[in-house]
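In terms of full-length UniProt numbering, the sequence shown has 214 at position 214, counting the first letter as 1, and numbering is strictly consecutive.
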Amino acid sequence: MKLRQFDHNDGKQLSGYVRPELLPVHPCCHLAFGVIKNSANMARITSRFYIILVLIFLPVFVIIYLGDNGDNHGDVIQMSSTDSSEDFNDADFDANDVTSDDFDDGEADSNFDSEMIDLDLDDVDQIFDIDDEAELFEDVDVEGVEDDLMTTQASVAEGEGEEVAGKHNRRNVLLIMADDMRPQMEAYKGEDFPAPYMNIKMHTPNIDRLAGESLFLKRAFVQYSLCGPSRTSMLTSRRPDTTRIYGNNNYWRVTGGNFTTLPQYFKESGYVTKGYGKVFHKGRSSKNNDAISWSEKYYMPPYTDSHYIEKAKSGAGWTAVTLKERQRVPLSDEYSVKEIGKDLDDIADDVKSGKKNFFFAIGFKKPHLSLVCPEEFFHLYPLEEDDQYLPDRQWQTPAVKSTVGMGDDEGSKAAHLRVIPEDAVRHLRRAYFACISFVDSMIGKVVKKLDKVGLAENTVVVFVADHGYHLGENNHWGKVTNYERATHVPMMIRIPGRTDGGVTTRSLVEGVDLYPTIVEAAGLGKVPSCPNQSSKIQVCTDGKSMLSLIENPEKKHRKVVYSQIASGGQFMSYTIRTDRYRYIDWAEVKKKQRSDGLWDLRMDWELTGDPWWTALYDRKVDPEERFNMTGDPRYRHVETKLRDRLHQFVDRLYDHPKYFVKGH
């Protein structure tokens, strides 16, 4: 069964691909099963010719299937010859490791979700009120891509010769991650999270307090707006085109290279390292939380949230859990908080005596669907107070459809033109906000515990989300887009003695910048920068340390940031974001190089022809990215410069260009 994707402008079918939850095994295996089934009927009518075809092609399908799952593009695996005894062994990889969570609720069927509103130029003039066309170009200083690639080398060169701190002077690290959390909290209100139609009073006192004690990075962007690729990119400090992770089904040590992860770096530096909850995307995409990265056994809490979903009426994906119920069956994130609290108690004396350092990472499942949290957080957001903006069209996705109890009718041609009912929208938004406040309370418990055991003064505390989330903006509900709502994340770094009074910056930063920043903040020196192609290098970074922003928060850390998403093994979309503009383009993968699996791309993929669809947003006058200005003659220069810069940047990441655009 195929999904159909529609242009929001005219309903034209754009592409079809199989839903991830319908792909428990490789597509070739599905095809082979179909051949077997059909061959039985053919035998009854003595169609020997077809039986012979089955006997010929079935082994081919089996070989393809086994080769893909067992070898998994082994011809491009590039492991370092200097790997340690903990070298990844592909023979240990088991297809049975795949879980339903590997598909991340199937939220990937609305990638082509632009509003594409057609307006007369006179109408646009009234909205944009542009008097001086020269000001359009104030943010487009394009000197080529060299500065993007070389700033990392420069930042490392500045620290050459710096000594790594002695064991007694090293800082500990507490990394806190949230899932699907857009930066909708009181600390972000204003120009850095414009939501004029959803001016909800958020209750996030603990995150807001942490922001006031941290290097508060108000404009942080991840490289991919899906759990697996984004977490892999952040925790290896490599861009998705280096990890070769475009979905939740593949393991970077197979597809990209044997990269040293952030926790692994600390483990190899003598730290006690342990993870709790969702740090890596679990299951197949991290070989069950990447045991190589941790010195201690990883703690994965029981997924008790499903217990409450099953009890919910009409299959609703939002549930307010009473205190009495939680005393009997705690929520998954509560288990993680309890476990890390025990470990902080156990390690405190050794840390204070200088015998040990720790790197602990805790990942909260919320506010990811399903939206289950304690009832007291629902009370913070009364439904009767939600008279906020409801978008005209909010296309359902498989995850949201199941969440609101909609029928399973993919066979209907109009199924994916259905909108989410207004009442369901209000309930979902309320539950999403409640889950943000729930995570805020969990963060407060962990940070207070750190202080209670006397470790706060020597521990770097980092909070970040894996990506953002749409709540109807851009006619989309969910993630996996290249818009601001999906790529913009909360990020803050508290360093005792350096950020005590709080330092706020609006400089553009990326998820890949987190790794080298944390390493340097802990006193472990500088992480070397990566060359353009770095698949054979275990330790290097595609990012650069953000610590200089503490002394100079007005400094431009980056002129531009980049994100990307893939779709169906057939399309790749990249976006470039400047202080003022966002440019997006979608390009087709050459037909002979397309993949069968959702999100998967062959290692030899190339983009062909002119971009299939493009968008340009002037965020100075259109902060919600509603009006696509491509084709507007006043923006032609901006569009050309940003497109060229984006294509140059992508091509520099490869041995040969990926873009084959006329005149490029």
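Just so you know, even glycine gets a beta-carbon here, dropped at the ideal spot from N, CA and C.
These figures come from a predicted structure and were not determined experimentally.
Item, Value
"Go to M234, then tell me how far its beta strand (DSSP E) extends in each direction, as first and last residue.", "Taken as a continuous stretch (DSSP letters only), M234 belongs to no beta strand (DSSP E), being part of the alpha helix (DSSP H) at 227-236."
"Between the alpha carbons of E384 and V439, how many angstroms are there, rounded?", "23 Å"
"Between the beta-carbon of T273 and the beta-carbon of W252, is there less than 8 Å?", "no"
"Find out if the Cβ-Cβ distance for the pair R239, L616 is shorter than 8 Å.", "no"
"Judging by CA-CA distance, which residue of N169, L607, H467 is the nearest neighbour of V650?", "L607"
"Would you tell me roughly how many angstroms separate the C-alpha atoms of E583 and T614, rounded to the nearest one?", "Sequence inspection shows Tyr at residue 583; the Glu mentioned does not correspond to that position. The straight-line gap from Cα to Cα measures roughly 7 Å."
"Residue 665 lies in the beta strand (DSSP E); which residues open and close that run?", "No statement about residue 665 is possible, as the shown extent of the chain runs from 1 to 664 and does not include it."
"Is the beta carbon of Y574 sitting closer than 8 Å to the one on Y562?", "yes"
"Mapping DSSP to helix, strand and coil, what is L331?", "coil"
"How do the region 341-353 and the region 246-261 stand: do at least 3 beta-carbon pairs fall below 8 Å, yes or no?", "no"
"Please work out which residues of its chain come closer than 8 Å, Cβ to Cβ, to Y502, disregarding the five sequence neighbours upstream and downstream, and give them in chain order.", "Residue identity check: residue 502 is Gly in the sequence provided, not Tyr. Closer than 8 Å at the Cβ level, and outside the excluded window around G502, lie A211, G212, E213, S214, F216."
"Given Q264, which residues of its chain have a CB within under 7 Å of its CB, disregarding the five upstream and five downstream residues?", "I292, S293"
"Measure the alpha-carbon distance for W395 versus Q184 and round it to whole angstroms.", "Reliability of the predicted coordinates at W395 is poor, the pLDDT of 48 falling under 50, and the value obtained from them is presented with this limitation in mind. Straight-line Cα distance between these residues: approximately 22 Å."
"Look at R231 and L508 and say whether their C-beta atoms are less than 8 Å apart.", "no"
"What residue range does the alpha helix (DSSP H) around A434 cover?", "422-452"
"Using DSSP's beta-bridge definition, name the partner residues of V464.", "M177, M491"
"Measuring from the CB of G317, is there a heavy atom of the ligand ADP at a distance below 7 Å?", "In the structure on display, the ligand ADP does not appear, and there are no ligands present to speak of."
"Using DSSP bridges, identify the partner residues of L215.", "I493, V503"
"Are there 16 or more other CB atoms within 10 angstroms of the CB of F358, so buried, or fewer, so exposed?", "buried"
"F360: buried (16+ other C-beta within 10 angstroms of its C-beta) or exposed?", "buried"
"I'd like to know whether the C-beta atoms of D180 and Y469 end up nearer to each other than 8 Å.", "yes"
"The beta strand (DSSP E) that contains E588, what's its start and end?", "581-589"
"Using only CA atoms, which one of G247, G256, T504, N474 lies nearest to E625?", "N474"
"From R171, D192, K590, pick the residue whose C-alpha is nearest to that of K620; which is it?", "D192"
"So, helix, strand or coil for F359, using DSSP?", "strand"
"Does T640 pass the burial test, meaning 16 or more other C-beta atoms within 10 Å, or should it be called exposed?", "exposed"
"Less than 8 Å between the CB atoms is what I'm expecting for V512 and T487, so what's the real figure, rounded?", "So it is not a contact: roughly 13 Å between Cβ atoms."
"My output table needs one value for I576: the three-state DSSP class, helix, strand or coil.", "strand"
"Beta strand (DSSP E) containing Y276: first to last residue?", "272-277"
"Measure the beta-carbon distance from R494 to V460 and round it to whole angstroms, keeping in mind my assumption that it falls under 8 Å.", "7 Å"
"Classify D349 as helix, strand or coil using the three-state DSSP reduction.", "helix"
"What did DSSP end up calling L383 once you bin it into helix, strand or coil?", "helix"
"Going by C-alpha to C-alpha distance, which of L380, L450, K448, L471 sits closest to A424?", "L471"
"Just the Cα atoms here: how many angstroms apart are F280 and H379?", "32 Å"
"Sort out for me which residues DSSP pairs V509 with in a bridge.", "A220"
"Would you list the one or two residues that DSSP bridges to D618?", "Y581"
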